[in-house]
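Keeping their order, the protein sequence lines are chains G and S. Here our numbering is used: position 128 in the first sequence is 128, and no number is missing along the way. Just add 1000 to wherever you are in the second sequence, counting from 1, and you've got our numbering. A short worksheet on the structure shown next.
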Amino acid sequence: MPRYLLSVHGPAERTDSGTCPSHEAMLQAFAATGAFNERLQRDGHFVFAGGLESATTATTVDGRGEKPAFTDGPYQETRECLGGFWVIEAADLDVALALAVEGSKACRGTVEVRPFRTAESVRALPES
Amino acid sequence: MTGPTVAQAITRVHQEEWARVVACLARRFGDLDVAEEATAEAFMVAAERWPREGVPPNPGGWLATTATRKAIDWLRRESQRDAKHREARIVYDDTPPEPTGPVEDDRLRLVFTCCHPALAMEARVALTLRLLGGLTVPEIARAFLVQETTMAQRITRAKAKIKAAHIPYRVPSADDIRERLAGVLAVVYLIFNEGYLAGEGDDPVRVDLTDQAIHLGRLLRTLLPDDGEVAGLLALMLFTDARRPARVSHTGELVTLHEQDRGAWDRTLIAEGNALVRERIEAVAAGGGPPGRYQLQAAINAVHTEAPSARDTNWSTIVALYGRMVLLDPSPIVRLNRAVAVAEIDGPGVGLAEIDRLAEVLDGYHAFHAARADLLRRLGRGGESRAAYDRAIDLAGNPAERAYLTRRRNQLAG
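Below, the structure written as structure tokens:
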């Protein structure tokens, strides 16, 4: 079954209540997200999910050179950043989009839906 | 059979059968690229062989068979490096597909796939014209005034997204169909409007696009005969297109509804539009749910076309219909149209007061300034009218419309 990454994006700046307007709102979002995760598991869509610490806790690594380079901070300097994600299995994009609508409501964030590359799509890449 | 007759037969078959053959192959092979290329090849073979051998008794069947063979050939060649089992399944498995929605028609599935909300509007338009309308990529590029390579990329990217994101080839569930159908109708109407009042370029009317939109409207009507908005959109396009012969003067200037030679309107198209509107009025009277925006717009156009002259137009019915449209869609453009009709009943001063309330949102829209200019002229406020015409001319992209507005401005005294 096709796999999709549902990634949640929101403002890079966070307060004590994350990107939510208040502590109560954050607790409600956690509860709703938990319920959504259970629904994904129950219906056989769930593969993996997680919320991320703020982007300021990231370290960027470049191992392509002779000596690896470590930089404090996220790779992209933007006002919006990745806050968390789900990896789900869904029959097609319509199913994935419908789940993303529920997920977006639950976590109070905008969700990007992106298909995973499959063995078939890799095989179909041009050889030259 | 003589040459021209065969050519006509091919044109007719192309219009009637293209979408059916593409849709049938798309279902069978699950790949829009294969479906489209094989169908195009089959038509090429027809164009080469039919003049010599005659048109086959069942041209649609002949094309479907030929296209299927081409698709299998193509997949065989591909399978030299790709999974062989897939080819085997496609070639030998003739089991019918599982039922996938309330209406099991391949073409309807193709419509909803091409107009999927996950695709950008311009991609939906391009795919619909290619896969359902059978326009070639250069034709679509020319119609939308973009480079052929840009259009080819746009279509390729849309098809790649359909494949990679697994956009389903299916008719949406009964619950979703109303919502998704609105998007499909928007695509068709956008094609029509781009042809009818081209925003750019030198041609005031692109008949290839208006014809294509009406063709798609008829196709949708065949597929969804009970849907009121499908009937409404088709009627609206027919009424609008019926006025085309009177709409641009021989000097290339736009002729407004007020000044059009009503004898030049196409009566056959009007009769067809009227029949659709009557059917909808009966359906609504029988409890079929309130009319949507396309039905209301069609009804407004029916009122215009039944009037023997502009001054005999039943403006109060038009204002009432616009009033219902405002309830459905309170957008400033609908309110602008309503205000123009109000001016016909309550006078230009009342109309202008309503229009001026929309100034902030519609300042960048040429029709807003054109409507203001006309009302200011009727109120004898020449200077302000001239300024409004200037602004409308600056913003109007269509050459016939610019010519009309320029003449009206130059007619102002002083």
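Just so you know, even glycine gets a beta-carbon here, dropped at the ideal spot from N, CA and C.
Short CB-CB distance (under 8 Å) between residue i and chain C
i	result
proline 126 (chain G)	Here chain C cannot be found, since the structure's protein chains are G and S.
Residue i and residue j closer than 8 Å at C-beta
i	j	result
glycine 1217 (chain S)	valine 1205 (chain S)	no
isoleucine 1214 (chain S)	leucine 1236 (chain S)	no
leucine 1254 (chain S)	glutamate 1344 (chain S)	no
alanine 1302 (chain S)	valine 1277 (chain S)	yes
glycine 1060 (chain S)	valine 1013 (chain S)	yes
lysine 1161 (chain S)	leucine 1132 (chain S)	no
threonine 1039 (chain S)	tryptophan 1062 (chain S)	no
leucine 1110 (chain S)	alanine 1026 (chain S)	yes
glutamine 1260 (chain S)	arginine 1244 (chain S)	no
proline 1057 (chain S)	valine 1006 (chain S)	no
glutamate 154 (chain G)	histidine 45 (chain G)	Any property of residue 154 (chain G) remains undetermined from this structure, which presents chain G solely from 1 to 128.
aspartate 43 (chain G)	proline 1168 (chain S)	no
serine 121 (chain G)	alanine 1164 (chain S)	yes
arginine 1154 (chain S)	alanine 1123 (chain S)	yes
aspartate 62 (chain G)	alanine 69 (chain G)	yes
glutamine 85 (chain G)	glycine 34 (chain G)	One detail in the question is off: residue 85 (chain G) reads as phenylalanine in this sequence, not glutamine. It is not a contact, given that the beta carbons lie outside the stated cut-off.
cysteine 1024 (chain S)	alanine 1064 (chain S)	yes
alanine 106 (chain G)	alanine 32 (chain G)	yes
glycine 1364 (chain S)	glycine 1292 (chain S)	no
histidine 1166 (chain S)	aspartate 92 (chain G)	yes
tyrosine 4 (chain G)	arginine 123 (chain G)	no
Close beta carbons around residue i, own chain, < 7 Å, minus the five adjacent residues each side
i	result
glutamate 1272 (chain S)	Leu1238
arginine 79 (chain G)	Pro11, Ala12
valine 1342 (chain S)	Val1319, Val1350, Gly1351, Glu1354
asparagine 1398 (chain S)	Leu1197, Ala1198, Gly1199, Pro1204
aspartate 72 (chain G)	Thr59
serine 1316 (chain S)	Ile1345
leucine 1257 (chain S)	His1304, Ala1310
valine 1187 (chain S)	Cys1115, Arg1124, Val1125, Thr1128
Among the options, nearest to residue i - alpha-carbon criterion
i	options	result
valine 1230 (chain S)	S:Asp1266, S:Ala1152, S:Gln1212, S:Leu1181	S:Leu1181
glutamate 1078 (chain S)	S:Leu1110, S:Pro1056, S:Met1121, S:Asp1033	S:Asp1033
aspartate 1246 (chain S)	S:Trp1265, S:Leu1233, S:His1258, S:Gly1232	According to the sequence as given, residue 1246 (chain S) is alanine; it is not aspartate. It is S:Trp1265 whose Cα lies nearest to the Cα of alanine 1246 (chain S).
aspartate 1176 (chain S)	S:His1116, S:Ala1126, S:Ser1249, S:Ala1373	S:His1116
leucine 1336 (chain S)	S:Ala1143, S:Ala1307, S:Tyr1322, S:Gly1134	S:Tyr1322
aspartate 1208 (chain S)	S:Ala1174, S:Ile1155, S:Gly1134, S:Glu1037	S:Gly1134
asparagine 1314 (chain S)	S:Ala1299, S:Asp1241, S:His1366	S:Ala1299
valine 1184 (chain S)	S:Tyr1294, S:Asp1356, S:Val1284	S:Tyr1294
isoleucine 1333 (chain S)	S:Phe1368, S:His1258, S:Glu1279	S:Phe1368
asparagine 37 (chain G)	G:Leu82, G:Ala119, G:Leu6	G:Leu6
arginine 1221 (chain S)	S:Arg1280, S:Glu1053, S:Ala1009, S:Thr1317	S:Arg1280
methionine 1 (chain G)	G:Ala106, G:Arg117, G:Glu102	G:Arg117
aspartate 1073 (chain S)	S:Ala1009, S:Asp1106, S:Phe1029	S:Phe1029
leucine 1224 (chain S)	S:Glu1306, S:Thr1011, S:Asp1106	S:Asp1106
arginine 1020 (chain S)	S:Glu1041, S:Lys1070, S:Ala1035, S:Thr1011	S:Ala1035
threonine 15 (chain G)	G:Arg39, G:Glu53, G:Ala32	G:Glu53
threonine 57 (chain G)	G:Glu66, G:Leu82, G:Lys67	G:Leu82
glutamate 1282 (chain S)	S:Leu1233, S:Met1325, S:Asp1226	S:Asp1226
alanine 1275 (chain S)	S:Asp1211, S:Pro1308, S:Leu1234, S:Leu1145	S:Leu1234
Contact belief for residue i with residue j at Cβ below 8 Å, rounded distance in angstroms
i	j	result
proline 1348 (chain S)	leucine 1379 (chain S)	5 Å
valine 147 (chain G)	phenylalanine 48 (chain G)	There is no way to answer for residue 147 (chain G), as the model of chain G reaches only from 1 to 128.
glycine 1383 (chain S)	alanine 1413 (chain S)	With a Cβ gap of about 11 Å, glycine 1383 (chain S) and alanine 1413 (chain S) do not count as contacting.
leucine 1405 (chain S)	alanine 1370 (chain S)	6 Å
isoleucine 1270 (chain S)	threonine 1305 (chain S)	5 Å
alanine 1009 (chain S)	valine 1055 (chain S)	5 Å
leucine 1296 (chain S)	arginine 1324 (chain S)	6 Å
alanine 1047 (chain S)	alanine 1067 (chain S)	Between alanine 1067 (chain S) and alanine 1047 (chain S) the Cβ distance is about 14 Å, and since that is not below 8 Å, they are no contact.
Cβ neighbours of residue i in the same chain (closer than 8 Å, five flanking residues each side left out)
i	result
methionine 26 (chain G)	Ser17, Gly18, Cys20
arginine 1408 (chain S)	Ala1373, Asp1374, Arg1377, Tyr1389
leucine 40 (chain G)	Phe46, Ala49, Trp86, Ile88, Leu99
leucine 1190 (chain S)	Met1121, Val1125
Own chain partners of residue i with C-beta closer than 6 Å, once the 5 adjacent residues on each side are dropped
i	result
arginine 108 (chain G)	Ala29
valine 111 (chain G)	Leu6, Val8, Ala100, Gly103, Ser104
**Q.** Under 7 Å (Cβ pairs) to chain G, residues found in the stretch 1166-1196 of chain S
**A.** His1166, Ile1167, Pro1168
Q: Check each residue of the stretch 73-84 of chain G: if its Cβ is closer than 7 Å to any Cβ of chain S, include it; give the result in chain order.
A: none
Q. What residues in the stretch 1101-1121 of chain S have a beta carbon less than 9 Å from any beta carbon of chain G?
A. His1116, Pro1117, Ala1118
Q. Taking a cut of 7 Å between CB atoms, which residues from the stretch 42-55 of chain G lie near chain S?
A. none
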